[in-house]
Every structure is written in structure tokens, then in C-alpha cells.
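Below is one structure, written out as C-alpha cells, with a few remarks after it.
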Amino acid sequence: MASTLHLVRHGQTDWNVRGHFQGQTDIPLNRTGVEQAAGVAEALREVPLAAVVTSTLGRAVATGRAIADAQDLPAPATDARLMERHFGEAEGMHGDDVARLFPDREQIPGRESDEELRARAFGALEELAAAFDGEEIAVVSHGGWMAMVLRTLVGDAYDYSTLTNCSVHTLVWDTATGEVRVAGVETAAQLIRD
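Quick note: the sequence shown uses the working numbering, first residue 48, plus one each step.
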């Protein structure tokens, strides 16, 4: 059997707009983010979701709640392994300052390594795929987390411009073989039409 995992990036926050590294700092959705969450919930309304699972951070929970509410599903379950990468000393800093102070992001003091992030992301996804074998679920997470997953699956072929707030990247996970494929990518602009 196979599970379909719709990876949804949370809606916009003020720090997204300002270009600040959020990491695991709990920044709420702004007005646009709330509207984006409602829009992606509407876009996914006809997808037969069995559940919604989110990061423990409020911006992901709020986005997931909108998706669950649109389908009369229970409140989203949360999983800390879906949280954004911890950016260490760069959390809260503007991207330009991070680039200037830490030209090699791997050297940011306290930053979660690629290996650590990859291990927790794929550990969570594998468990979710097994728990919802043969079903579809929404997994609401974060840009850095999703970029790591997608970069691991498709390498340099991954187009980062598609990883907008409330974009949906669909994975099909074959639970018998462990094979995972990216089955679809939709940006928020494609999903949410005014």
C-alpha cells in the first residue's frame, strides 16, 4: 500500500515578510497568513484527508486547524519532529545579517545540522506513512524543514521558488518498499485564487 502525504508550509508571518530567520521561535500568522491558511484549507477541501498533523509551533498549528476545520476533522495532532530547523544564534536575525556574519551556515553556533534535521524529518514521515497506510493526510510544517525533505528526495532538481507560504508538496510513500516520490507541487498562488 501507499500513503499520500500533503506537505503544507504554514501561512505567512511578519518575520517572513521582514526576512528574519524564525527557526523554532514561535511567531504567529499575520493577517495575510490567516487568509492563506483559509485559502489552502478551501483548496484541499475535496481531498479526502484522514487527519492533519502539524509542527508544535503556533503558525503551523493555526494553518493545520484551518485545514482540519474545513473538513470537519478533529483538531490537528502535533509532532515536535515537524518543527522548523533550529537556527541557533541566527534565530531572529535578518537574512542579510546572517549571510554577513555566517557565510557558511553550517558554522552558525547552535544550528541544527542537516543530518539531525533529515533524521527527525524522515523519522516522522515514515511513522506517519505507516500509521496512515492507504490514506491521505496533511502534514503542516515549515520552509527549512520541507526544503530538507525535498532536497533529499530530488536533489538539485528541486525548485525552491515553489516553497511559498501555504504551498503544498505531495509525497506518495510506498510503505512496503519505503520508496517515496514527489507526486505534485502547487504554490499558494496556484491553489488560492481570489
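The beta-carbon is built from N, C-alpha and C at its ideal position, and this holds for glycine as well.
Tell me which residues share the same chain as residue i and place their Cβ nearer than 7 angstroms to its Cβ, disregarding the 5 neighbours each side in the sequence.
i	result
PHE179	SER50, ALA97 and ALA98
ALA171	ASP126, ARG128 and LEU129
LEU120	LEU96, ALA98 and VAL99
If we call anything under 8 angstroms between Cβ atoms a contact, is residue i one with residue j?
i	j	result
HIS216	SER102	no
PHE68	VAL145	yes
VAL229	LEU200	yes
LEU91	ILE114	yes
LEU238	GLY80	no
Can you list, in chain order, the residues of its chain with a C-beta nearer than 6 angstroms to that of residue i? Leave out the 5 residues immediately preceding and following it.
i	result
ASP221	ALA49
GLY66	HIS141 and GLY142
HIS53	ALA185, VAL215 and THR217
ALA223	none
GLY135	ILE155, PRO156, GLY157 and ARG158
GLY181	MET48
Given this structure, state the Cα-to-Cα distance separating residue i from residue j, to the nearest angstrom.
i	j	result
PRO95	ARG158	37 angstroms
GLU233	GLU163	27 angstroms
THR110	LEU175	19 angstroms
ALA84	PRO150	34 angstroms
GLN59	LEU197	20 angstroms
LEU104	ASP203	29 angstroms
Measuring CA to CA, which of the options is closest to residue i?
i	options	result
THR211	LEU104, PHE149 and TRP192	TRP192
MET195	LEU238, PHE68 and ARG165	ARG165
ARG152	HIS133, ARG92 and ARG167	HIS133
ARG78	ASP61, LEU91 and ALA90	ASP61
ASP206	GLU226, VAL219, VAL227 and GLY231	GLY231
ASN63	ALA168, GLU173 and GLY139	GLY139
My assumption, with CB atoms under 8 angstroms, is that residue i sits in contact with residue j. Please give the rounded CB distance.
i	j	result
ILE155	ALA137	5 angstroms
ALA88	ALA122	14 angstroms between Cβ atoms; not a contact.
HIS57	ALA107	5 angstroms
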